[in-house]
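Peer 1:
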Amino acid sequence: MTRTGTTALTLSEEIRQRFDEFSRSQKDVGQYIVDHLEEAAFHTAEELARRANTSSSTVVRFAQALGFEGFPELQASARDEFETALAADHANMAETARKVDREEVAAAVDLISRADRIVLCGTDQMAFFASYLRHLLMLLDLRAEVVASPSQEGLAKLGRVDENTVMVGFSAGRPHPLVVRAIKLGRNRRAATIAIADATLSEVAKLADHKLYYSSNSPAFVRSHASLLALIQALAYGVYALDESAYSDRIKAFRLK
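Below, the structure is given as structure tokens:
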């Protein structure tokens, strides 16, 4: 059997596109492959079946339903996609390192370290990264709040923004209106504003006092977030490095709680 799927799609994209065509057991295999591509790339059909709670014959039939001769051909496709994604992450890290302004990073670190209050605004996927930065700052005993939606609670947090606040807006692609609104509000209330965006011409980047760029190019249907994660960790480490001994004691005390 020859493959009938279009070569313009990655394995994950084709599974998602054709998902409704599969039987119930094949859907289980397809969903597991999409969620665990690295396992499909390197495990045997038997091991993949065990992890997906199905049989190896179902895995083989699923491969054939996609137009592959058998599981080895599906595995080769999964390996190609996995390696391409890793290569994209590596390229994004290198581009981010080249393009990010070190002076802007230093300024952001300084503002965050001295802030009375930090508001991190990001929606959808960016809400996760805003929450992760909040967690890292909490380990350093820095007060930070996350605004992830225009809920009553979120708007109340924005309502308390003042000149003693550092406002950080997260953006991937076209910024969410809430993030744009938050940065504008911060500027109007004389708060320090920082944009973390993957587009230098992003509206959020244009509005903010300081701009931190990261690259997110990806061959997959979602953006690569490897360089964004690295940038967030670099910010937290920059704050930590300002007074390593003091912060080390705080982190040790937190772990002992």
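Positions in the sequence shown are counted from 1; adding 31 to them yields my numbering. Every residue, glycine too, gets a C-beta built ideally from N, C-alpha and C.
1. How would you write the range of the beta strand (DSSP E) that residue 200 sits in, first residue to last?
2. Who are the near neighbours of residue 168 in its chain, counting only those whose CB is closer than 6 Å to its CB and skipping five residues on each side?
3. Is the region 131 to 148 touching the region 85 to 94 in the sense that three or more CB pairs, one from each, lie closer than 8 Å?
4. Hey, which unbroken runs of the alpha helix (DSSP H) at 4 residues or more fall wholly within the region 146 to 232?
5. Using a C-beta cutoff of 8 Å, does residue 49 count as contacting chain D?
6. Please state if the CB of residue 235 and the CB of residue 143 are separated by a distance shorter than 8 Å.
7. DSSP state of residue 121, grouped into three classes?
8. For residue 105 and residue 251, what's the separation of their Cα atoms in angstroms?
9. Kindly list the residues whose CB is nearer than 7 Å to the CB of residue 156, restricted to its own chain and excluding five residues on each side of it in sequence; keep chain order.
10. Between residue 225 and residue 241, which are expected to be in contact by the criterion C-beta below 8 Å, what is the C-beta distance as a whole number of angstroms?
11. Between 219, 222, 69, 183, which lies nearest to residue 42 when the distance is taken from Cα to Cα?
12. Out of curiosity, what's the CA-to-CA distance linking residue 279 and residue 192?
13. DSSP three-state call for residue 244: helix, strand or coil?
14. Span of the alpha helix (DSSP H) holding residue 52?
15. Can you name the start and end residues of the alpha helix (DSSP H) that residue 98 belongs to?
16. Whole angstroms are fine: how far does the CA of residue 281 sit from the CA of residue 113?
17. Does the distance from the CB of residue 152 to the CB of residue 232 come in under 8 Å?
18. Is it buried or exposed, residue 117, if we count other Cβ atoms within 10 angstroms and call 16 or more buried?
19. Of the choices 164, 54, 154, 150, whose alpha-carbon is the least far from that of residue 187?
20. So the candidates are 198, 205, 206, 88; which of them puts its Cα closest to the Cα of residue 221?
21. Do residue 195 and residue 165 have their C-beta atoms closer together than 8 Å?
Peer 2: According to the data block:
1. Following the DSSP letters along the chain, one finds residue 200 inside the beta strand (DSSP E) bounded by residues 196 to 202.
2. So the qualifying residues of the chain are 175.
3. In this structure the region 85 to 94 does not touch the region 131 to 148; the number of beta carbon pairs closer than 8 Å is below three.
4. Runs of the alpha helix (DSSP H) inside the region 146 to 232: 156 to 170, 183 to 190, 208 to 219.
5. Within the model displayed, chain D is absent; a lone protein chain is all it includes.
6. Taking 8 Å as the Cβ cut-off, residue 143 and residue 235 do not qualify as a contacting pair.
7. In the three-state DSSP reduction, residue 121 falls in the helix class (H, G or I).
8. Rounded to whole angstroms, the separation of the alpha carbons of residue 251 and residue 105 is 17 Å.
9. Counting only Cβ-Cβ distances below 7 Å, and skipping sequence neighbours, we find 203.
10. Residue 225 to residue 241, Cβ: 5 Å. Contact.
11. That would be 69, whose Cα lies nearest to the Cα of residue 42.
12. Looking at the two C-alpha atoms, the distance is approximately 30 Å.
13. Correct three-state label for residue 244: strand.
14. No alpha helix (DSSP H) holds residue 52; DSSP gives it neither H nor E.
15. From DSSP, residue 98 is part of no alpha helix (DSSP H); its letter is neither H nor E.
16. Cα to Cα, residue 113 sits roughly 39 Å from residue 281.
17. Cβ atoms of residue 152 and residue 232: not closer than 8 Å.
18. It counts as exposed.
19. Taking only the C-alpha atoms, the option nearest residue 187 is 150.
20. If you compare the alpha carbons of 198, 205, 206, 88 with that of residue 221, the shortest gap goes to 198.
21. For residue 195 and residue 165, no; Cβs fall outside 8 Å.
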